[in-house]
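Just remember that this note's numbering sits 38 ahead of the position in the sequence shown, which is counted from 1. Don't be surprised by glycine CBs; every beta carbon is placed ideally from N, CA and C. Nothing here was measured: the structure is a model prediction, and the numbers come from that model. Data first, discussion second: the structure below is written as structure tokens.
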Amino acid sequence: MQPPKKVSKRKGQLDEITRENAKRVRKSGACLRCRMLKMQCDGNHPCMRCKTVKASVTIWVMPCFRGALAKIIPFRAGNSRANQEVSELPKLLWDSDDLNARTIRIRYPFNSAVGTILELSISVRRFKPNEGRDVLKDVWEGENGERHEPEFQPFACYNDEATADLLKKYIYECDTLLEMDLTAIDNDEISRTTIDEAIRFASIHPNSCVRQAQQIRRIAYFCTKSMTIVGDETLGGVTLNDSKLPTHGQIPVPSVLDFQLDTIAITIMFNLLKKVEEGLKKKFNSKTSKEHWYEIYLVCFLLLSTLERVTQFQLSYLSLFEDKKDEDMLRW
39 MQPPKKVSKR KGQLDEITRE NAKRVRKSGA CLRCRMLKMQ CDGNHPCMRC
89 KTVKASVTIW VMPCFRGALA KIIPFRAGNS RANQEVSELP KLLWDSDDLN
139 ARTIRIRYPF NSAVGTILEL SISVRRFKPN EGRDVLKDVW EGENGERHEP
189 EFQPFACYND EATADLLKKY IYECDTLLEM DLTAIDNDEI SRTTIDEAIR
239 FASIHPNSCV RQAQQIRRIA YFCTKSMTIV GDETLGGVTL NDSKLPTHGQ
289 IPVPSVLDFQ LDTIAITIMF NLLKKVEEGL KKKFNSKTSK EHWYEIYLVC
339 FLLLSTLERV TQFQLSYLSL FEDKKDEDML RW
């Protein structure tokens, strides 16, 4: 008895036109439906196969869509000062001549806060700057469009994990204050009404994707400002006296510490975004997806609203670098 012959996966050689089309589709990526069903995609938007079945498609079959949810990032993921497209905590060389850890109290400069503002206590140490890698300057726009580049002392948080836990708790405790600040700068009535509805929905469904998207929106706003130092230990910082600066009348945290806090906040957003992606995929692909349309709508609205505000802020920041403007900095 002879063994069965192997079946060739390719029938004959591809002609030049088919080969070029296949190369083009590989470069742009086949649409999601063709990838799932392992069908040949023509690379159009939408592809012809998806257009053919459009009239008979059922709700649980994915539509013609090329973008992966995992690639949709509605917040600033990197940091241009550190030349990183995706922020990573720096590896610092601690100063052996100064072994003492210092405890400082910091808080977020809310616009709408009244009364006592929550504070965060963290341990910091002096480190030895690595020229070209550890950024000790920040850039702000002051009065009359002047550019300020204050230089800070080389201090940073000593325990990344402990600081991450403290900052996450601090941000969630400041939920209401962050939302108050966002409300104050949102002048669009439809947007404000929709966000109020998202807040109502999230209060009823605390484990929903809406709640997680809401947290991403608030943390993305949190990342638009530097925290400030309060208390007796100022790490040699000075009070900024320029009414147009975001930390006017306050002492900003050192730039590397600010970068660490920013990176931790970005990591929190990535973790939340992963939960949102997983939740949306389940709802998109379920046979009862029609029942989840309202939650999906609110999530999409919150993420798009976040992306719009982050882009506006990045454009504003980019205006400080008119002499060497680079549109790629928007991604950072």
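Item to check | Local Cβ density within 10 Å of leucine 353, reported as buried at 16 or more and exposed below that | outcome: exposed
Item to check | Alpha-carbon to alpha-carbon, methionine 86 and cysteine 72 | outcome: 11 Å
Item to check | Residue from Ile289, Glu346, Thr272 and Leu273 whose Cα sits closest to the Cα of asparagine 279 | outcome: Ile289
Next on the checklist: Could you compute how far the alpha carbon of cysteine 88 sits from the alpha carbon of aspartate 234?
Outcome noted: 37 Å
Next on the checklist: Just to confirm my understanding: we take threonine 301, look at its own chain, exclude 5 residues before and 5 after, and list those with CB closer than 8 Å. What are they?
Outcome noted: Asn117, Ser125, Glu126 and Leu127
Item to check | In DSSP terms, what alanine 194 is bridged to | outcome: Arg163
Next on the checklist: Pop quiz: cysteine 247 and valine 314 are said to be a contact at Cβ under 8 Å. What is the actual Cβ separation, rounded to whole angstroms?
Outcome noted: 5 Å
Next on the checklist: Distance check for threonine 232 and asparagine 197, CA to CA, integer angstroms please.
Outcome noted: 40 Å
Next on the checklist: Using CA atoms only, rank isn't needed, just tell me which of Lys76, Asp80, Met74 and Leu75 is closest to lysine 61.
Outcome noted: Asp80
Checklist entry - Would phenylalanine 113 pass as a contact of threonine 344 if the rule is Cβ separation under 8 Å? => result yes
Next on the checklist: Using 8 Å as the threshold, is the C-beta distance between valine 268 and isoleucine 144 below it?
Outcome noted: yes
Checklist entry - Roughly how many whole angstroms lie between the Cα atoms of proline 192 and serine 134? => result 13 Å
Item to check | beta strand (DSSP E) segment containing isoleucine 142, residue limits | outcome: 140 to 145
Checklist entry - Which whole-angstrom value is the C-beta distance of phenylalanine 30 and alanine 120, which I expect to be below 8 Å? => result The shown model of the chain, from 39 to 370, leaves out residue 30, and the question about it has no answer.
Item to check | Residues near lysine 206 in its chain [Cβ-Cβ closer than 6 Å; skip 5 each side] | outcome: Ile306
Item to check | Cβ neighbour criterion (16 or more within 10 Å) applied to threonine 326 | outcome: exposed
Checklist entry - To the nearest whole angstrom, what separates the beta carbons of isoleucine 257 and isoleucine 209, a pair I think is in contact under 8 Å? => result 6 Å
Item to check | Beta-carbon contacts of alanine 251 that lie in its chain and below 6 Å, excluding the five residues immediately before and after | outcome: Val314, Val337, Leu340 and Leu341
Checklist entry - Where does proline 244 land, buried or exposed, given buried means 16+ other C-beta within 10 angstroms? => result exposed
Item to check | alpha helix (DSSP H) segment containing isoleucine 267, residue limits | outcome: Not the alpha helix (DSSP H): isoleucine 267 falls in the beta strand (DSSP E), residues 266 to 268.
Next on the checklist: Please report the straight-line C-alpha distance between lysine 166 and glutamate 217, rounded to a whole angstrom.
Outcome noted: 38 Å
Checklist entry - Which residue's Cα is closest to the Cα of glycine 275: Asn149, Ile111, Ile155 and Pro188? => result Pro188
Item to check | Among Pro292, Ala240 and Leu299, nearest to glutamate 333 - alpha-carbon criterion | outcome: Ala240
Next on the checklist: Does arginine 369 pass the burial test, meaning 16 or more other C-beta atoms within 10 Å, or should it be called exposed?
Outcome noted: Residue placement at arginine 369 is flagged as unreliable, the pLDDT there being 44, under the threshold of 50; a coordinate-derived value is accordingly withheld.
Checklist entry - Exposed or buried, leucine 131, counting other C-beta atoms within 10 Å across all chains shown (16 or more means buried)? => result exposed
Item to check | Close-in-space but distant-in-sequence residues of the same chain around lysine 321 (CB under 8 Å, 5 per side omitted) | outcome: Cys247, Ser327, His330, Glu333 and Ile334
Checklist entry - When you compare each of Leu318, Ala194, Leu356 and Leu311 to alanine 115 by their alpha carbons, which one comes out closest? => result Leu311
Checklist entry - Are phenylalanine 351 and threonine 262 close, meaning C-beta to C-beta below 8 Å? => result yes
Item to check | Pair within 8 Å by beta-carbon distance, asparagine 149 and aspartate 203 | outcome: no
Item to check | Which of helix, strand or coil DSSP assigns to glutamine 78 | outcome: coil
Item to check | Cβ-based neighbour list, alanine 139, same chain, cut-off 8 Å, excluding 5 preceding and 5 following | outcome: Ser161, Val162, Arg163 and Tyr196
Next on the checklist: Just to confirm, is the Cβ distance from valine 19 to serine 264 under 8 Å?
Outcome noted: Only positions 39 to 370 of the chain appear in this structure, which leaves residue 19 out of reach.
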